[in-house]
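Enquirer: Here the numbering used here is used: position 178 in the sequence shown is 598, and no number is missing along the way.
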Amino acid sequence: NGKLDRRALPAPDQSAVATRAYEAPEGALETTLAQIWQNLLGRTRISRHDHFFELGGHSLMAVSLIEQLRNAGWRLDVRSIFSAPVLTDMAQAVRANQGEATFIVPPNRIPDGSTALTPEMLPLVTLSQAEIDTIVETVAGGAANVQDIYPLAPLQAGILFHHRLQEQGDAYLLHHLIAFDTRARLDDFTAALQAVINRHDILRTAVCWQGLTQPVQVVWRQAPLSVTT
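1) Take every Cβ of the segment 557-571, pair it with every Cβ of the segment 622-639, and state whether three or more of those distances are shorter than 8 Å.
2) Could you tell me the alpha carbon to alpha carbon distance between Ala563 and Asn618, rounded to whole angstroms?
3) Under 8 Å, do Leu651 and Val627 count as touching if we go by C-beta distance?
4) Taking the alpha-carbon positions, what's the Ala436 to Glu587 distance?
5) Does the segment 595-613 come close enough to the segment 524-544 to have 3 or more Cβ pairs within less than 8 Å?
6) Taking the alpha carbon of Ala454 as the point to measure from, which residue in Arg440, Val639 and Leu485 has its own alpha carbon closest?
7) Bridge partners of His471, per DSSP?
8) Buried or exposed: which applies to Glu551, given that a residue is buried once 16 or more other Cβ atoms fall within 10 Å of its Cβ?
9) In angstroms with no decimal places, state the Cα-to-Cα distance between Glu464 and Arg499.
10) Please list the segments of the alpha helix (DSSP H) lying wholly inside the segment 538-565, counting only runs of 4 or more residues, in order along the chain.
11) Would you check if the distance between the CB atom of Leu507 and the CB atom of Asp553 is smaller than 8 Å?
12) What does a CB cutoff of less than 6 Å around Leu544 pick up in its chain, not counting 5 residues either side in sequence?
13) Assuming the contact rule is C-beta atoms closer than 8 Å, Ala492 and Thr451 should be a hit. Round their C-beta distance to whole Å, please.
14) Consult DSSP for Trp494 and reduce its assignment to one of helix, strand or coil.
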């Protein structure tokens, strides 16, 4: 009937696990990588031809791998871990990453209390003065309430694409109903939520695209929480 009789299967042993002949890591970088793998994977030794994911590695562990490499003075991105999961190949990817220029985020050039914004104040994005004026018109409080403007991240661009694609509703908008037994509790909750908004720029960020050559994210200096009762 097509069903598998699991009880009839032999018990798996070490021969069921793919193994490779051990070859010691070569050089300081491979040795450092192997030590990091040992710590993350709980292994006593790592061969230079071992596969990170076959030994139990996963995406969350990859983040720790990158951090430990950074602490050791090396750079590696997540994509390289997935494209070069074998230790010796990963070491080559690390070496290649060392030659890449490090991007330094320029300081914010919009002074507090600005009554007007100009292209020179926005080093992370190329916008005409007309486009900047269009953006400012969408911000409550005008230019004085604009903290920064920069392009969308790839994930944000995907969210905007689906938002514009849908004719009604938005898959990324979630609605929750919360009840409070007293007005005081409601006020405490909204005050705490406002404090979180004040602290994190991303919660004060709007996306603008109409009338622009490219969509941008606009960080407001102040975004008061609107509450109606």
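All C-beta atoms in this analysis are idealised placements derived from N, C-alpha and C, irrespective of residue type, glycine included.
Expert: Once the coordinates are examined:
1) yes
2) Numbered from 1 along the sequence shown, position 143 holds the residue referred to as residue 563. Numbered from 1 along the sequence shown, position 198 holds the residue referred to as residue 618. Ala563 and Asn618: Cα-Cα distance of roughly 18 Å.
3) Since the first residue shown for the chain is 421 and the last is 649, residue 651 is missing from the structure and cannot be characterised.
4) For the purposes of this step, residue 436 is taken as residue 16 along the sequence shown, with counting starting at 1. For the purposes of this step, residue 587 is taken as residue 167 along the sequence shown, with counting starting at 1. Only weak support exists for where Ala436 lies, its pLDDT of 46 falling under 50; the value from the coordinates is given anyway. Taking the straight line from one Cα to the other gives about 52 Å.
5) no
6) Sequence index remark: in the sequence shown, residue 454 carries index 34 (1-based). A check of alpha carbon separations from Ala454 across Arg440, Val639 and Leu485 identifies Leu485 as the nearest.
7) By 1-based counting over the sequence shown, the position of residue 471 is 51. In the DSSP output, where bridge partners are listed per residue, His471 has Val506.
8) By 1-based counting over the sequence shown, the position of residue 551 is 131. Classification for Glu551: buried.
9) By 1-based counting over the sequence shown, the position of residue 464 is 44. By 1-based counting over the sequence shown, the position of residue 499 is 79. First, the residue type needs correcting, since residue 464 is Thr and not Glu in the sequence shown. Cα to Cα, the separation comes out at about 26 Å.
10) 549-557
11) Stepping through the sequence shown from its first residue, residue 507 is reached at position 87. Stepping through the sequence shown from its first residue, residue 553 is reached at position 133. Result no, Cβ atoms of Leu507 and Asp553 do not sit closer than 8 Å.
12) Looking up residue 544 in the sequence shown gives position 124. Closer than 6 Å at the Cβ level, and outside the excluded window around Leu544, lie Tyr570.
13) Mapped onto the sequence shown, residue 492 falls at position 72. Mapped onto the sequence shown, residue 451 falls at position 31. Not quite, the Cβ-Cβ distance comes to about 11 Å (not below 8 Å), so this is no contact.
14) Stepping through the sequence shown from its first residue, residue 494 is reached at position 74. Coil at Trp494, not helix or strand.
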